[in-house]
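Trainee: Take this structure first; my questions come after.
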Amino acid sequence: MKKIVVLVSGSGSNLQAIIDACERQQIDGNVVAVMSNKADVFALERARLANIPSHVISHLDYSSRERFDKAVAKQIDDYQPDLIILAGYMRILTADFVNHYAGKMLNIHPSLLPKYPGLHTHHRAIEAGDKEHGTTVHFVTPELDGGPIILQAKVPIFIDDEEQDVIERVLAQEHQIYPMVVKWFCCDRLKMLNGKAYLDNQEIPAYGYG
Ligand code: GAR
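Counting in the working numbering, the sequence shown runs from 572 upward without gaps.
Written out as structure tokens, the structure is:
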């Protein structure tokens, strides 16, 4: 059974989807700890309700990104996890941090990467007049939102949509695809080698599955 540490900064609905899938034994793994860079986020309450230890390490307490990431890594490594999951973790990561977890860190990003890396993705998609939007699960590499894509899910954008409509439509898809990818990783079907993602030893196409 794989040990999973989840990093969060917000509501933690993706964290919840992964906890639930572990509890239903759909994932051969356990969330052993949750780390947040913010106190008072609902993700911490979700961890508490699931009896999962949580740690708050605030980036505001550190004088540099490097020092902050070192402190987070030290706390993560106490758990000797097999997999690190970024689930709405809103920090830019240092290359040292990312390289320390090469091939064992996943992120979910709310856009059809490589479109719209960074922030405000839903707003940008609506403003651009896009007819569809979506979400991407990828391995984390030092390039922001640039690691090899594993799986994507698309959603429509309707003409009268508000940003919140699109956010919710995307989240519903995230709760489906993130646990699925975590499941693949935990049963050793998913790997990253030389900057490419493989499922069952087949290279995953550039824009992922989905
Ligand atoms: C999700 O939509 C996730 O894709 C996004 O934050 C949301 C977190 O929701 N992540 C990013 O924007 C990372 N750059 P949650 O806290 O309810 O899981």
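Beta carbons: idealized from backbone N, C-alpha and C, even for Gly.
#1: State yes or no: is the C-beta of Gly705 within less than 9 Å of the C-beta of Gln747?
#2: I'd like to confirm something about Ile738: is its beta-carbon nearer than 8 Å to some heavy atom of the ligand GAR, or not?
#3: Do you know offhand how far Val605's Cα is from Tyr687's?
#4: Between Leu742 and the rest of its own chain, which residues show a CB-CB distance below 7 Å, the 5 nearest in sequence each way excluded?
#5: If you measure between the beta carbons of Lys573 and Cys757, is that distance less than 9 Å?
#6: Check whether the stretch 669-683 touches the stretch 708-717, taking contact to mean three or more Cβ pairs, one atom from each stretch, closer than 8 Å.
#7: Using DSSP with H/G/I as helix, E/B as strand and the rest coil, what is Pro727?
#8: Report the rounded CA-to-CA distance for Leu683 versus Ala768, giving the unit in angstroms.
#9: I'd like the list of long-range same chain contacts for Trp755, defined as Cβ closer than 7 Å, with 5 residues on each side in sequence excluded.
#10: What residue does the alpha helix (DSSP H) around Ser584 start on, and which one ends it?
Mentor: In brief:
#1: Start at 1 with the first residue of the sequence shown, and residue 705 comes out as number 134. Start at 1 with the first residue of the sequence shown, and residue 747 comes out as number 176. No, they are not a contact pair.
#2: Walking along the sequence shown from the start, residue 738 turns up at place 167. For Ile738, the shortest C-beta to heavy atom distance toward the ligand GAR is below 8 Å.
#3: In the sequence shown, the residue the question calls residue 605 occupies position 34. In the sequence shown, the residue the question calls residue 687 occupies position 116. For Val605 and Tyr687, the distance between alpha carbons rounds to 27 Å.
#4: On the sequence shown, residue 742 is found 171 positions in, with the first residue counted as 1. Result list for Leu742: Ser584, in chain order.
#5: As a position in the sequence shown, residue 573 is number 2, starting the count at 1. As a position in the sequence shown, residue 757 is number 186, starting the count at 1. Judged by their CB atoms, Lys573 and Cys757 are nearer to each other than the 9 Å cut-off.
#6: Result yes; three or more Cβ-Cβ pairs closer than 8 Å.
#7: Sequence index remark: in the sequence shown, residue 727 carries index 156 (1-based). Three-state result, Pro727: strand.
#8: What you label residue 683 is simply residue 112 of the sequence shown in a count that begins at 1. What you label residue 768 is simply residue 197 of the sequence shown in a count that begins at 1. Taking the straight line from one Cα to the other gives about 17 Å.
#9: The residue you call residue 755 lines up with position 184 of the sequence shown. Here the set comprises Leu761, Leu770.
#10: In the sequence shown, counting from the first residue as 1, residue 584 sits at position 13. Taken as a continuous stretch (DSSP letters only), the alpha helix (DSSP H) holding Ser584 covers 584-594.
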